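> Protein chains in written order, with the working numbering: chain A, 102 to 408; chain B, 75 to 383; chain C, 39 to 472.
A virtual CB, placed ideally from N, CA and C, is assigned to each residue, including glycine.
Treat the numbers as computed from the prediction; the structure is a model and nothing was measured.
Sending over a structure as structure tokens; questions will come in a sec.
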Amino acid sequence: MSRRERLTSRARSLRSTFLPTDTATGWALVGPGVLLIGAFGLLPVLLSLKLSFQKSDMLSDGTPWVGVDNYRKLVDDPLFAHAIKNTVVFTALFVPGTMLVGLLVAVALNRSLRFITLYRTAAYITMAVSTITQGIIFMWLTDRDYGLVNAALNEIGIGSQPFLASPSQALLVITAMTVWGWTGFTVIVYLAALQGVPAELHEAAAIDGAGPITRFRTITVPLLGPANLFLLIYLTINALQLFDEVYQTTRGGPLQATMVIVYYLWDRAFVQFDAGYAAAMAYSLFAVILVITAVQFRLSRRFTHYS
Amino acid sequence: MTPVPVAPLDAAIDEVDTHPDDEPIAPPPRRLGIPFSPWHLVLIPITFLLLVPLLWMLITSLQTSAETQKFPPQLLPSQPRWHNYVDAWQAAPFGQFFLNSAMVTFVVLASNLVVCSLAGYAFARVKFLGRGALFVVLMATLMVPFQVTMIPVFLIVKWFGDNVWEGLGIDHLGALMLPNLATAFGIFFLRQFFQTVPVELEEAARVDGTSRLGLLFKIVLPLSLPALSTLAALTVLNSWNDFLWPLIVITSTDQMTVPLGMSYFQGAHVVQWPLLMAANVMSLLPMLLVFVVAQRYFVQSVASTGVKG
Amino acid sequence: MIKTSSTGFRRRFTVAVVAALSLTLQGCGGGDDTVADGKPEIVVWNGYTDAQGKNFTALIDEYNQQHPDVHVTQLVSDTDHVLQKILTSVRGNTPPDIAYMYGSWSTNIAKMPKVVDLTEEVTQSGWDWNDFYPALRDAATVGDKVIGVPALVDNLAIVYNKKLFDEAHVAPPTPEWTWDDFRSASAKLTDSGKGQYGFTMPADTSETVAWHYLPMLWEAGGDVLNPDMTKAAFDSEAGVRSLTTLQQMAVTDKSVYLDTTNTTAVKLMNSGKIGMITTGPWDLATFTDIDYGVQIMPTYGGSDAGHQTVAGPDNWVVFDNGDKRKRAAVDFLKWVAAPEQVRRTSLATGDLPIRKSVGDDPAFVRQLDEKVSGTGVFVENLNNVKKSKPATAQYPEVATALGQAIVSVMLGRAEPGAALKDAAAVANTALDQK
């Protein structure tokens with residue numbers, strides 16, 4: 102089979118569901134999952150939606166219904182708008198950044214070398230490190246006076262940077278830290294996907310005279326389609342809900358430079374005791390994530406058509 | 075286009091990687107004159123960068139409390155205090171915590187592998203009414219932060235404990251398992267990977283009369299070992315490190331899991347860093363083991379897929 | 039056919055899952071029996087570690103021995119998260135009997151119906167309620183309800199590095215110091231070449247920033263809120279005056295290390311890179327590498343507010359799980375907070391005593407000071423705790439706004455007057471929503 106034919110077959114596999122509509126089997130197979138996720142995932146989501154229409158501090162017994170008041174307040178809330186901006190900037194940098202770094206590292210790990218198990222284990226183990234530890238290390242590395250990064254910068258002539266202490270740099274540092282933290286995950290996913298790229302395709306193309314970069318571009322990357330989509334969507338969903346990394350380092354500062362949506366809503370719920378408002382925030386975020394995810398799915402369909 | 079005289083089915087089979095996992099690829103031509111692959115030069119720095127947090131954890135776990143209160147941090151402990159590990163272990167019933175974590179993780183892992191495979195396959199290959207909408211609805215559960223849903227989840231789990239079986243309720247390990255027995259993440263992940271299995275294989279087997287479930291178990295799953303082992307590794311990781319949910323559900327020391335055990339070292343004003351890091355390192359070890367085992371399956375091996383004609 | 043035995047696969051899975059579930063069944067069980075052998079079992083949630091943890095465990099053991107009609111247990115988790123845990127457990131009707139809660143949560147905790155009102159109780163004999171320091175009583179009282187039993191008290195004072203003072207030929211702080219003296223000492227102790235600072239302030243956005251600033255505000259004669267707690271008062275002249283001092287130190291003299299992480303400053307202090315830090319007794323044990331001294335904070339010349347400091351009192355809060363358990367919980371706390379146990383706890387942990395009768399005893403103070411040097415000054419400083427943080431539910435928002443103002447001034451991004459005005463506007467909006 103020629104390369105073209107194999108790719109076409111692949112494309113078909115990606116899009117193919119075969120046989121006439123088999124609704125009974127379909128529902129039987131998804132049944133257990135739907136029941137479990139329905140009870141413990143969906144139901145709470147719906148109950149929290151109810152909370153967003155109430156005024157609740159989670160303390161007193163009364164939770165008066167306030168309709169869309171919480172949502173109306175959101176629209177006028179400058180801090181919420183600011184949090185949205187920060188979250189979007191972060192996501193736009195984090196998702197492509199992590200995918201790129203993860204892909205490159207995964208490609209490097211996708212070979213049989215001595216110690217390859219060791220290298221791969223290292224990638225995995227980084228995911229097991231808690232955000233507490235990550236936070237401490239980054240705060241130390243980027244310290245203005247004593248951090249290693251500034252020590253290096255000073256060596257090459259650039260002065261010390263305030264990094265996490267600077268309203269203009271803090272978000273970037275958090276982004277870098279989070280990319281680092283998620284590299285392991287992305288690497289693992291790409292590694293699994295790279296296993297499905299047949300060596301023969303590369304060999305055939307090499308014989309045809311294609312160099313490694315061309316081969317990477319035209320063979321590997323398209324076949325990573327499903328993994329790319331998965332990562333794009335999953336990383337975006339998580340990026341928009343950034344919380345832990347901010348909680349362990351800057352807590353939204355300095356001067357709200359790293360105030361992101363979920364941090365703001367946590368603060369409102371558990372520090373200011375305004376849970377209804379926090380729920381409204383969560384739902385607005387949810388709507389946005391839903392739309393973005395749907396768009397991503399739609400666009401992906403367009404790109405898996407091989408002519 | 076060079077016509078190749080093979081039936082489509084054989085061609086699809088040929089697409090599978092024919093390199094058994096342990097056989098080294100022929101070494102590259104020795105252009106650089108070094109006795110090992112140049113890739114090592116790339117991988118070692120990368121690995122070092124990735125491992126910095128772990129190294130820091132190890133170093134801290136061997137220091138005394140006083141040594142951790144220095145800034146800039148002291149990189150090499152003057153006298154490695156291995157006894158920190160013993161102290162950490164004895165500070166709280168960690169043996170019980172490890173056992174609890176292991177039980178919860180095992181059940182969650184098994185459940186996810188089974189349930190998400192079934193559902194993932196359905197979403198990937200079975201056309202059924204409402205599939206699209208259902209998928210969206212399931213994905214929606216990933217889009218609301220846990221801080222918001224945790225109270226309703228708590229109440230639902232409590233209901234289970236009061237009305238179905240006590241072992242599933244608040245302050246029991248069952249409560250730790252219940253909300254995690256299946257996740258939209260797992261379903262989404264497997265759906266993507268099942269889609270990459272050559273559909274011709276399934277079509278051919280279907281023609282032979284195999285049932286849907288048979289297709290799943292005999293063709294798709296064996297060819298998806300990398301994906302399954304990846305999902306396994308990720309699920310184990312998430313379950314083992316889960317902190318917030320066990321925190322709010324468990325109120326008896328004998329039901330605590332390992333992450334909760336770490337609280338023993340985190341006071342309101344003072345954190346006992348060496349002991350905390352020692353506990354963290356000990357907590358990593360089982361996961362390390364899991365990964366080393368799982369990664370054997372990361373590479374597809376032809377021996378397990380010998381489908382021929 | 040494919041070698042992998044699919045049916046075997048499935049079978050093995052099922053067996054494994056069932057086995058695990060049945061193991062869980064047997065290994066399961068916990069926390070369901072609230073009345074074991076007919077005697078009330080009460081559980082105390084706390085976040086004690088190390089010395090505090092050992093001491094508290096010993097107290098519990100002793101109490102259980104002396105009172106065989108009751109059984110006290112504890113659950114150690116971390117205090118920062120305990121609020122989320124409490125809120126969830128109360129909603130789910132499974133609260134503990136006693137929980138350690140930060141004083142700053144009091145006004146909000148008071149709204150929970152399950153929290154026991156101790157007003158009647160503490161007037162009974164045996165409590166000697168007025169023996170607790172005023173700050174503690176304030177933090178435990180919301181409106182006219184007493185919602186907690188004092189658990190911990192501390193305050194802020196200056197901890198300074200004796201060696202750095204010697205090297206710079208600056209006389210160490212005395213009780214007669216004014217903020218001008220403080221400022222000039224801080225400037226002399228700063229050496230940017232060596233990365234050495236004279237002073238440090240927290241600069242994250244949490245309540246901690248405002249908390250460290252309060253003594254200065256109070257000493258200048260200012261207040262956070264007006265007496266009815268309806269409007270911000272920190273943008274007064276006194277407020278501008280105290281914030282200007284910080285501005286002069288941070289922006290003009292550049293003698294202040296701004297700690298955005300809230301953890302680095304203490305370490306820097308211990309490494310000899312900071313001359314003075316305002317902190318509480320809990321940090322003394324970490325300063326193992328330097329020769330430190332403790333002194334009360336300076337005053338503002340020309341202000342009659344004199345010496346002020348701020349305390350961070352915490353409470354034991356009791357939850358209503360039925361009369362028997364409520365009674366048992368209250369009795370346990372009465373014992374823990376009795377003078378004898380207060381003395382023991384303080385000596386065992388280095389924490390300050392919560393009772394004035396204990397703190398005023400010179401022999402005790404000497405003993406405590408021997409255990410952790412400098413604690414004596416903190417104990418005496420308790421008498422300078424004349425004001426408390428405003429006890430209003432909106433305080434967290436007010437404090438955050440004030441903290442923002444302080445940080446932006448210290449970063450050189452705003453002038454004190456303007457920053458405080460903006461912060462007051464934000465605070466007033468929050469207060470209006472009461």
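1. Tell me which residues share the same chain as Asp324 (chain C) and place their Cβ nearer than 7 Å to its Cβ, disregarding the 5 neighbours each side in the sequence.
2. Rounded to whole angstroms, what's the CA-CA distance from Ile244 (chain B) to Asn359 (chain C)? Just pull it up for me.
3. Keeping to the same chain, check which residues put their C-beta closer than 6 Å to that of Met254 (chain C); ignore five residues upstream and five downstream.
4. Measure from the C-beta of Val367 (chain B) to each C-beta in chain A and report whether the shortest distance is under 8 Å.
5. Less than 8 Å between the CB atoms is what I'm expecting for Phe357 (chain C) and Pro134 (chain C), so what's the real figure, rounded?
6. Using beta-carbon positions only, say whether Ala293 (chain A) and Phe267 (chain B) come within less than 8 Å of one another.
7. Given that a residue counts as buried once 16 or more other Cβ atoms are within 10 Å of its Cβ, and exposed if not, what is Lys77 (chain C)?
8. DSSP three-state call for Asp460 (chain C): helix, strand or coil?
9. Taking DSSP as the reference, what is the three-state secondary structure of Leu296 (chain C)?
10. As a quick exercise: from A:Tyr247, A:Trp166 and A:Trp281, pick the residue whose alpha carbon is nearest that of Ala224 (chain A).
11. Would Ala173 (chain C) and Pro351 (chain C) be called neighbours here (beta carbons separated by less than 8 Å)?
12. Leu265 (chain A) and Thr298 (chain C) - do their beta-carbons sit closer together than 8 Å?
13. If I measure Cβ to Cβ from Thr351 (chain A) and keep anything under 8 Å in the same chain, skipping five residues before and after, which residues do I get?
14. Relative to the ligand NAP, is the shortest distance from any of its heavy atoms to the C-beta of Leu264 (chain B) smaller than 7 Å?
15. Compute the Euclidean distance between the alpha carbons of Ala380 (chain A) and Thr199 (chain A), then round it to the nearest angstrom.
16. Assuming Val153 (chain C) contacts Val110 (chain C) (C-beta within less than 8 Å), just tell me the rounded distance between them.
17. Just grab the DSSP bridge partners of Gln162 (chain C) for me.
18. Ala241 (chain C) versus chain A: which residues are under 9 Å apart at the beta carbon?
19. Report the option in B:Thr327, B:Gly341, B:Val211 and B:Trp347 whose CA atom is closest to the CA atom of Gly169 (chain B).
20. On the three-state DSSP scale, how would you describe Asn339 (chain A)?
21. With 8 Å set as the bound, which would you pick, yes or no: does the beta-carbon of Pro134 (chain C) sit closer than that to a beta-carbon of chain B?
22. Would you mind stating whether Ser127 (chain C) and Gly259 (chain C) have Cβ atoms separated by less than 8 Å?
23. Excluding the 5 residues flanking Leu350 (chain B) on each side, which residues of the same chain have their C-beta closer than 7 Å to its C-beta?
24. Return the residue from the list A:Ile314, A:Tyr291 and A:Gly353 that minimises the CA-CA distance to Phe331 (chain A).
25. From Tyr86 (chain C) to His119 (chain C), what does the alpha carbon distance come to, in whole angstroms?
26. What alpha helix (DSSP H) runs, 4 residues minimum, are completely inside the stretch 269-347 of chain A?
27. Please list the residues of the stretch 333-352 of chain A that have a C-beta atom closer than 9 Å to any C-beta atom in chain B, keeping them in chain order.
28. On the criterion of 16 or more Cβ atoms from any shown chain inside 10 Å, does Thr268 (chain C) qualify as buried, or is it exposed?
29. When the Cα atoms are used, what is the spatial distance from Ser385 (chain A) to Ala349 (chain C)?
30. Along chain A, in chain order, which residues have C-beta atoms closer than 8 Å to that of Glu435 (chain C)?
31. Quick one: what does DSSP say Gln90 (chain C) is sitting in, helix, strand or coil?
32. Anything in chain B within Cβ reach of Met47 (chain A), meaning under 7 Å, just list it in chain order.
33. Check Thr304 (chain B) in the structure and name its three-state DSSP category.
34. Beta-carbon of Ser446 (chain C) versus every beta-carbon of chain A: anything under 8 Å?
35. Can you check which of these residues, C:Ala248, C:Thr246, C:Thr430 and C:Thr383, is closest to Asn146 (chain C) by C-alpha distance?
36. Mind the definition here: the stretch 446-465 of chain C touches the stretch 161-177 of chain C only if three or more C-beta pairs lie below 8 Å; say whether that holds.
Taking the geometry as given:
1. Position 286 of the third sequence holds residue 324 (chain C). Correcting the residue identity first, residue 324 (chain C) is Thr in this sequence and not Asp. Answer for Thr324 (chain C): Val304 and Asn308, listed in chain order.
2. Position 170 of the second sequence, counting from 1, holds the residue named residue 244 (chain B). Position 321 of the third sequence, counting from 1, holds the residue named residue 359 (chain C). Their Cα atoms are separated by approximately 17 Å.
3. Here residue 254 (chain C) corresponds to residue number 216 of the third sequence, with the count starting at 1. Cβ neighbours of Met254 (chain C) beyond the five flanking positions: Ser280.
4. By 1-based counting over the second sequence, the position of residue 367 (chain B) is 293. Closer than 8 Å: no.
5. Counted from its first residue, the third sequence places residue 357 (chain C) at position 319. Counted from its first residue, the third sequence places residue 134 (chain C) at position 96. Yes, Phe357 (chain C) and Pro134 (chain C) are in contact; Cβ-Cβ is about 6 Å, under 8 Å.
6. Along the first sequence, read from residue 1 onward, the residue named residue 293 (chain A) stands at position 192. Along the second sequence, read from residue 1 onward, the residue named residue 267 (chain B) stands at position 193. Result yes, Cβ atoms of Ala293 (chain A) and Phe267 (chain B) sit closer than 8 Å.
7. Translated into positions along the third sequence, residue 77 (chain C) becomes position 39. Around the C-beta of Lys77 (chain C), fewer than 16 other C-beta atoms lie within 10 Å, and the residue is accordingly described as exposed.
8. Translated into the one-based positions of the third sequence, residue 460 (chain C) becomes position 422. Three-state result, Asp460 (chain C): helix.
9. What you label residue 296 (chain C) is simply residue 258 of the third sequence in a count that begins at 1. Three-state DSSP puts Leu296 (chain C) in a strand.
10. Numbered from its first residue, the first sequence carries residue 224 (chain A) at position 123. Here the closest residue by C-alpha is A:Trp281.
11. Residue mapping note: residue 173 (chain C) aligns to position 135 of the third sequence, counting from 1. Residue mapping note: residue 351 (chain C) aligns to position 313 of the third sequence, counting from 1. Result yes, Cβ atoms of Ala173 (chain C) and Pro351 (chain C) sit closer than 8 Å.
12. Locating residue 298 (chain C) in the third sequence gives position 260, counting from the first residue. Locating residue 265 (chain A) in the first sequence gives position 164, counting from the first residue. The Cβ atoms of Thr298 (chain C) and Leu265 (chain A) sit closer than 8 Å to each other.
13. Translated into the one-based positions of the first sequence, residue 351 (chain A) becomes position 250. Cβ neighbours of Thr351 (chain A) beyond the five flanking positions: Leu265, Ala271, Ile275, Ala358 and Thr359.
14. The ligand content of the structure shown is nil, which means the ligand NAP is not present either.
15. What you label residue 380 (chain A) is simply residue 279 of the first sequence in a count that begins at 1. What you label residue 199 (chain A) is simply residue 98 of the first sequence in a count that begins at 1. Roughly 29 Å between the two C-alpha positions.
16. Taking the third sequence and counting its residues from 1, the one referred to as residue 153 (chain C) is at position 115. Taking the third sequence and counting its residues from 1, the one referred to as residue 110 (chain C) is at position 72. Going by Cβ atoms, the distance from Val153 (chain C) to Val110 (chain C) rounds to 19 Å, so no, they are not a contact pair.
17. Counted from its first residue, the third sequence places residue 162 (chain C) at position 124. Listed as beta-bridge partners of Gln162 (chain C) by DSSP are no residues whatsoever.
18. Indexing the third sequence from 1 puts residue 241 (chain C) at position 203. Neighbours of Ala241 (chain C) on chain A, chain order: Ala266, Gly354 and Pro355.
19. As a first step, residue 169 (chain B) is located in the second sequence; it is residue number 95 there, counting from the start. Out of B:Thr327, B:Gly341, B:Val211 and B:Trp347, B:Thr327 has the C-alpha closest to the C-alpha of Gly169 (chain B).
20. As a working mapping, residue 339 (chain A) is identified with position 238 in the first sequence. The answer is helix: DSSP assigns Asn339 (chain A) an H, G or I state.
21. Along the third sequence, read from residue 1 onward, the residue named residue 134 (chain C) stands at position 96. Cβ-Cβ to chain B under 8 Å: yes for Pro134 (chain C).
22. Numbered from 1 along the third sequence, position 89 holds the residue referred to as residue 127 (chain C). Numbered from 1 along the third sequence, position 221 holds the residue referred to as residue 259 (chain C). Going by C-beta atoms, Ser127 (chain C) is not nearer than 8 Å to Gly259 (chain C).
23. Counting from one through the second sequence, the residue named residue 350 (chain B) turns up at place 276. For Leu350 (chain B), where only same-chain residues beyond five positions count, the Cβ hits under 7 Å are Met336, Phe339 and Gln340.
24. Residue 331 (chain A) sits at position 230 when you count from the first residue of the first sequence. With distances taken between Cα atoms, Phe331 (chain A) lies closest to A:Tyr291.
25. Along the third sequence, one-based indexing puts residue 86 (chain C) at 48. Along the third sequence, one-based indexing puts residue 119 (chain C) at 81. Rounded to the nearest angstrom, the two C-alpha atoms are 13 Å apart.
26. 271-295, 300-309, 313-316 and 326-340
27. Ile334, Tyr335, Ile338, Asn339, Leu341, Gln342 and Phe344
28. The residue you call residue 268 (chain C) lines up with position 230 of the third sequence. Its Cβ having fewer than 16 others within 10 Å, Thr268 (chain C) is exposed.
29. For the purposes of this step, residue 385 (chain A) is taken as residue 284 along the first sequence, with counting starting at 1. For the purposes of this step, residue 349 (chain C) is taken as residue 311 along the third sequence, with counting starting at 1. For Ser385 (chain A) and Ala349 (chain C), the distance between alpha carbons rounds to 40 Å.
30. Locating residue 435 (chain C) in the third sequence gives position 397, counting from the first residue. Annotation: Cβ neighbours of Glu435 (chain C) in chain A (cutoff 8 Å, chain order): Gln373.
31. Sequence index remark: in the third sequence, residue 90 (chain C) carries index 52 (1-based). If DSSP states are grouped into helix, strand and coil, Gln90 (chain C) belongs with the helices.
32. As displayed, chain A neither begins before 102 nor continues past 408, which places residue 47 (chain A) out of reach and without an answer.
33. Residue numbering aside, residue 304 (chain B) sits at position 230 when the second sequence is read from its first letter. Here Thr304 (chain B) sits in helix by DSSP.
34. Locating residue 446 (chain C) in the third sequence gives position 408, counting from the first residue. Yes, because at least one Cβ of chain A sits closer than 8 Å to the Cβ of Ser446 (chain C).
35. By one-based count along the third sequence, residue 146 (chain C) stands at place 108. Of the listed residues, the one whose Cα sits closest to Asn146 (chain C) is C:Thr430.
36. no
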